[in-house]
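For reference, the structure is listed below as structure tokens.
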Amino acid sequence: MTVSTKISVFKNEPFTDFSLEENKQAMQAALVKVKKELGQTYPLTIGKDKISTEEVIVSTNPGKVDEVIGRVSRGTKAYAEQAMQEASAAFQSWKNVPPAERADYLFKAADLMRKRKYEFSAMLVYEVGKNWAEADADTAEAIDFMEFYAREMIRLSETNEHQPLTPVEGETTEMTYIPLGVGVVISPFNFPLAIMAGTTVAGIVSGNAVILKPADSAPVIAAKFVQLMEEVGLPSGVLNFIPGDGIEVGEYLVEHPQTRFISFTGSREVGCRIYERASKVQSGQIWLKRVIAEMGGKDGIVVDETADLDAAAQAIVASAFGFQGQKCSAGSRAIVVESVYEEIAQKVAALTKELTVGLPEDNPSMGPVIDQKAYEKVLAYIEIGKEEGKLIAGGAKAPGNGYYIEPTVFKDVDSKARIMQEEIFGPVLALTKAANWEEAIEIYNETDYGLTGAFFSENEERIQRALATMHCGNLYINKKCTGALVGVHPFGGFNMSGTDSKAGGYDYLLLFTQGKMTARKQK
11 MTVSTKISVF KNEPFTDFSL EENKQAMQAA LVKVKKELGQ TYPLTIGKDK
61 ISTEEVIVST NPGKVDEVIG RVSRGTKAYA EQAMQEASAA FQSWKNVPPA
111 ERADYLFKAA DLMRKRKYEF SAMLVYEVGK NWAEADADTA EAIDFMEFYA
161 REMIRLSETN EHQPLTPVEG ETTEMTYIPL GVGVVISPFN FPLAIMAGTT
211 VAGIVSGNAV ILKPADSAPV IAAKFVQLME EVGLPSGVLN FIPGDGIEVG
261 EYLVEHPQTR FISFTGSREV GCRIYERASK VQSGQIWLKR VIAEMGGKDG
311 IVVDETADLD AAAQAIVASA FGFQGQKCSA GSRAIVVESV YEEIAQKVAA
361 LTKELTVGLP EDNPSMGPVI DQKAYEKVLA YIEIGKEEGK LIAGGAKAPG
411 NGYYIEPTVF KDVDSKARIM QEEIFGPVLA LTKAANWEEA IEIYNETDYG
461 LTGAFFSENE ERIQRALATM HCGNLYINKK CTGALVGVHP FGGFNMSGTD
511 SKAGGYDYLL LFTQGKMTAR KQK
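The numbers in the working numbering rise by one with no breaks, and the one at position 474 of the sequence shown is 484.
Below, the structure is given as structure tokens:
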């Protein structure tokens, strides 16, 4: 293949301004086009083989539950084993492909996705219930990951600038990063394009072969991505597509002795199980598996009495209810200093009541939660919240032929209450008061998680204290705690939020490689 010779400086993909009529019309046209394509059947991809199975995963529209998005072949243990052998064989040649050539596949895929940006976003609207802006941001982030990791692979492959070694007389030394082997990517529903694509191409561009198992509720967008990578000519076997049961397929691959790494994004429960299962050395296994995990959070925003209260309230609502609160970075807690607590509560309730809930293709503020299980879980937490706090907004199902729930706010919640401590992953926000800003930070830190947080204050001394003491992987000052940008806000958390792997950061690809030092005696 022809390798791109001129690499520009990385810049984030711009978000689409849907207030412009031409952009609005383009999105509407894409929604019409993609709707006509719904209901198709998608095969497994194992090496060169396209395998259609009798048993399928039926993906449905969470905002219109009788609308089928697509039927995706369901993998089995036997197909997972076949994928492992194909990936292992492909790795033997792929690992020797020059880094710049591997990167070029990503550049070409990013180019192609950019040209079809509206169509990918439209599929996100239908399959997972994102409104236009949320879908557009997901697609933009997928493009960013491909562009950023391609550049990073090239940087890591060039000279010793990234890892300067101490010179010693009489020796030439070099540090290089070589691929690991076959990796298993288990991706989530909430960023089914961005996170799925980002974790997949990070492994691929680093020289590994990948087996991709997408979320059961978002397999079609993953199938579309696999088609895109085939279209740019990625060699067969480098990316294998195996949707399937979490135990039969997912756990089988996690425990497989030929698996070298697992990249997982999802719940704490599943992440901890993967971490445990991957730690056991299987018969024939000659390495310790690497686990790269992002497992969610119980993120919060702290507001002191010096803060811009309007800005703080807007950030709280945006962080809590963007994509129906189904972001691992979602701000589901707000801890507010007592003297401004009631004012913040009133502002948050008023802003929340302005949000609209409806069919995502009509572009409301909020759409549905992802499926029946999530729907029932969130509604159960709302009932718990009614016992633990005072309901000031929402609190019920919302109308529609889908999994719609009103954006819900509780105030006067004890910091130890369940809705303050447990990840709900839905449109539920809990407010609690603190005697002062120092106590507010203490309350913020009182969770098992540590992914994102925000601190609102105009006092520089307090801001510096917050920067030092709020224990999370991504901390934002006077802005919302969601919306990390690739290359700008490397993303990953502490404690039970995962392995702090910093996706979209300058050390991320090292997780998919192993360092090899060489020293040569000079003549």
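We put the beta carbon where it would ideally sit given N, CA and C, even for glycine.
Distance, residue j Cα to residue i Cα
i, j, result
"residue 11", "residue 303", "Low per-residue confidence applies at residue 11: pLDDT is 48, beneath 50, and the placement is therefore not dependable, though the value from the model is reported in the following sentence. Taking the straight line from one Cα to the other gives about 34 Å."
"residue 347", "residue 220", "48 Å"
"residue 301", "residue 286", "10 Å"
"residue 62", "residue 234", "16 Å"
"residue 24", "residue 52", "31 Å"
"residue 343", "residue 476", "16 Å"
"residue 364", "residue 311", "21 Å"
"residue 514", "residue 533", "42 Å"
"residue 458", "residue 511", "18 Å"
"residue 339", "residue 505", "14 Å"
"residue 470", "residue 317", "11 Å"
"residue 324", "residue 438", "15 Å"
"residue 492", "residue 526", "37 Å"
"residue 208", "residue 383", "27 Å"
"residue 517", "residue 94", "27 Å"
"residue 243", "residue 215", "14 Å"
"residue 392", "residue 372", "26 Å"
"residue 329", "residue 240", "36 Å"
Proximity winner among the options, relative to residue i (alpha-carbon distances)
i, options, result
"residue 435", "488, 198 and 357", "198"
"residue 118", "160, 502, 178 and 259", "160"
"residue 321", "38, 361, 270 and 260", "361"
"residue 189", "179, 195 and 217", "217"
"residue 314", "289, 351, 293 and 298", "351"
"residue 411", "75, 305, 251 and 291", "75"
"residue 43", "103, 84 and 132", "132"
"residue 144", "523, 26 and 297", "26"
"residue 41", "374, 104, 330 and 129", "129"
"residue 151", "490, 177 and 499", "499"
Sequence-distant residues of the same chain with beta carbon closer than 8 Å to residue i, five excluded per side
i, result
"residue 407", "389, 414, 415 and 416"
Contacting residues, own chain, Cβ-Cβ under 6 Å from residue i (five flanking each side not counted)
i, result
"residue 167", "109"
"residue 28", "34 and 142"
"residue 127", "149"
"residue 14", "Note that residue 14 scores a pLDDT of 47, beneath 50, so its modelled location is shaky; the value from the coordinates is reported in the next line. So the list reads 114 and 117, once near-sequence residues are dropped."
"residue 154", "22, 23 and 496"
"residue 194", "221, 263, 269 and 272"
"residue 156", "116, 119, 120 and 211"
"residue 460", "481, 482, 503, 504, 505 and 507"
"residue 1", "Residue 1 lies beyond the stretch modelled for the chain, which goes from 11 to 533, so this question has no answer here."
"residue 485", "463"
"residue 403", "359, 362, 363 and 419"
Where the beta strand (DSSP E) through residue i begins and ends
i, result
"residue 343", "341-347"
"residue 52", "50-52"
"residue 526", "523-531"
"residue 484", "484-487"
"residue 464", "462-466"
"residue 84", "Segment: none, residue 84 is in no beta strand (DSSP E) and carries neither H nor E."
"residue 273", "269-275"
"residue 187", "181-189"
"residue 193", "192-196"
Beta-carbon contacts of residue i that lie in its chain and below 7 Å, excluding the five residues immediately before and after
i, result
"residue 473", "465, 467 and 487"
"residue 238", "119, 122 and 123"
"residue 79", "48, 69, 70, 71, 136, 137 and 230"
"residue 88", "none"
"residue 96", "56, 57, 247 and 250"
"residue 85", "54, 252, 253, 254 and 259"
"residue 345", "310, 312, 442, 444, 450, 453 and 454"
"residue 82", "52, 66, 67, 69, 229, 230, 233 and 253"
N-terminal and C-terminal residue of the alpha helix (DSSP H) that residue i is part of
i, result
"residue 164", "142-167"
"residue 331", "319-331"
"residue 135", "127-138"
"residue 453", "447-454"
"residue 32", "31-46"
"residue 209", "204-215"
"residue 385", "382-398"
"residue 259", "From DSSP, residue 259 is part of no alpha helix (DSSP H); its letter is neither H nor E."
"residue 236", "229-241"
"residue 281", "278-289"
CB contact flag (residue i, residue j, <8 Å)
i, j, result
"residue 529", "residue 183", "yes"
"residue 456", "residue 425", "yes"
"residue 226", "residue 253", "yes"
"residue 223", "residue 191", "no"
"residue 428", "residue 453", "no"
"residue 112", "residue 37", "no"
"residue 433", "residue 308", "yes"
"residue 278", "residue 306", "yes"
Proximity test, residue i beta-carbon vs the ligand COA heavy atom, cut-off 7 Å
i, result
"residue 65", "As far as ligands go, the structure on display features none, and thus does not contain the ligand COA."
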